[in-house]
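Visitor: Each residue of the sequence shown is one higher than the one before, counting from 391 in my numbering.
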Amino acid sequence: MTNVFTPGTGAAQTLAPLRAKWGWIVALGVVYLVAGLIALGSVAAATAASVLVVGAMMVVAGVFEVISAFQVKSWGRFIFWLLLGVLYIVAGFVAWDNPFLTAIWLTLILGAALVASGIMRIFLAFNMKHGSPWVWVVVSGLITLVLGLIILAHWPFSAVYTLGIFLGVDLVFAGASWIGLGFGLKNAA
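Rendered as structure tokens:
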């Protein structure tokens, strides 16, 4: 199999397989965009759906952790892996049982993580070398910090809409990106 990024191959030759599928890429983008708009139209339902998906992933991960526990040779590690798997499974079922309670805790964790991330970005920006784009890192850090503070200031009520808004915005931007990529491939010479 040849590497598509080998030196000497032209961009046109490298992009030819994707260019032939530009319509499918645009269609995928439209699906993402529509799903994002639907999520933004009903952020509470999108929040519940995202928690249910997280719960399903936790159950699946927990089942595989339990299966992996039986592959471990020592008792100490076996018990650790088994307990970890069981905790994942229980957490997944708790998420399914009460998605809005789970959303409350996930929103608290998200807000705290955004605050911490914003503070770290600002700190790192002021330690960047002269001539680097440190101002943009500060701006990014400030936006992240303020977003986290807004989420935490309105917590627990923000749990109803925060995860749904994040999901909807992510889907809209992903859809716009796929659409842009598809039309860019179509117009590439």
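Glycine residues also receive a C-beta, built at the ideal position from the N, C-alpha and C atoms.
(1) By how many angstroms is the C-alpha of R511 removed from the C-alpha of L423?
(2) Over the uninterrupted alpha helix (DSSP H) stretch that includes A551, give me the two end residues.
(3) Relative to the alpha-carbon of L491, which residue among V443, K519 and P546 has its alpha-carbon at the smallest distance?
(4) In angstroms with no decimal places, state the Cα-to-Cα distance between A439 and S432.
(5) Measure the C-alpha to C-alpha separation of I469 and G445 and round it to an integer number of angstroms.
(6) Where does N488 fall in DSSP's three states?
(7) So which of A429, L561, N577 and A549 has the shortest CA-CA distance to I499?
(8) Out of A417, L553 and R409, state which residue places its alpha-carbon closest to the alpha-carbon of I569.
(9) Between which residues of its own chain and L474 is the CB-CB distance below 6 Å, once the five residues before and five after are set aside?
(10) Which first and last residues belong to the alpha helix (DSSP H) in which A434 is found?
(11) If you follow the alpha helix (DSSP H) that W526 is part of, which residue opens it and which one closes it?
(12) Answer yes or no: do I538 and V505 have a C-beta to C-beta separation smaller than 8 Å?
(13) Taking the alpha-carbon of A566 as reference, which of V453, N517 and V421 has the nearest alpha-carbon?
(14) Can you give the beta carbon distance from L575 to L405, rounded, assuming they're within the 8 Å contact cut?
(15) Would you mind giving the Cβ-Cβ distance between L557 and A481, rounded to the nearest angstrom? I have them listed as a contact below 8 Å.
(16) Based on Cα-Cα distance, which residue from V443, V476, F516 and L542 lies nearest to A485?
(17) Identify, in the order they occur along the chain, each residue of the same chain with its Cβ nearer than 8 Å to the Cβ of I509, setting aside the five sequence neighbours on each side.
Guide: In short, the structure shows the following:
(1) Position 33 of the sequence shown, counted from the start, is the residue given in the question as residue 423. Position 121 of the sequence shown, counted from the start, is the residue given in the question as residue 511. Distance between the alpha carbons of L423 and R511 is about 30 Å.
(2) Taking the first residue of the sequence shown as 1, we reach residue 551 at position 161. At residue 551 the sequence reads Tyr, which differs from the Ala that was named. Counting along the chain, Y551 falls outside any alpha helix (DSSP H), and DSSP gives it neither H nor E.
(3) If you number the sequence shown from 1, residue 491 lands on position 101. The shortest Cα separation from L491 among V443, K519 and P546 belongs to P546.
(4) One-based indexing of the sequence shown puts residue 439 at position 49. One-based indexing of the sequence shown puts residue 432 at position 42. Computed Cα separation, rounded: 11 Å.
(5) Position 79 of the sequence shown, counted from the start, is the residue given in the question as residue 469. Position 55 of the sequence shown, counted from the start, is the residue given in the question as residue 445. Distance between the alpha carbons of I469 and G445 is about 23 Å.
(6) Mapped onto the sequence shown, residue 488 falls at position 98. Coil.
(7) As a working note, residue 499 is residue 109 in the sequence shown. Check the Cα spacing between I499 and each of A429, L561, N577 and A549: the tightest is with A549.
(8) Reading the sequence shown from its first residue, position 179 is the one you call residue 569. For the residues A417, L553 and R409, the minimum Cα distance to I569 belongs to A417.
(9) Along the sequence shown, one-based indexing puts residue 474 at 84. So the list reads E455, once near-sequence residues are dropped.
(10) In the sequence shown, counting from the first residue as 1, residue 434 sits at position 44. First-last of the alpha helix (DSSP H) with A434: V433 to A459.
(11) Within the sequence shown, numbered from 1, the residue matching residue 526 stands at position 136. Where W526 is concerned, the enclosing alpha helix (DSSP H) starts and stops at W524 to A543.
(12) Taking the sequence shown and counting its residues from 1, one reaches residue 538 at position 148. Taking the sequence shown and counting its residues from 1, one reaches residue 505 at position 115. It is Gly, not Ile, that sits at residue 538 in the sequence shown. Taking 8 Å as the cut-off, the Cβ atoms of G538 and V505 count as close.
(13) The residue you call residue 566 lines up with position 176 of the sequence shown. When only C-alpha atoms are compared, the closest one is V421.
(14) By 1-based counting over the sequence shown, the position of residue 575 is 185. By 1-based counting over the sequence shown, the position of residue 405 is 15. Contact between L575 and L405 holds: their C-beta atoms lie close to 6 Å from each other, under 8 Å.
(15) One-based indexing of the sequence shown puts residue 557 at position 167. One-based indexing of the sequence shown puts residue 481 at position 91. Actually they do not touch by this definition, with Cβ atoms about 20 Å apart.
(16) Here residue 485 refers to the residue found at position 95 of the sequence shown. Of the candidates V443, V476, F516 and L542, the one whose C-alpha sits nearest the C-alpha of A485 is V443.
(17) By one-based count along the sequence shown, residue 509 stands at place 119. If we look at I509 and ignore the five residues flanking it on each side, its Cβ neighbours are G531 and L535.
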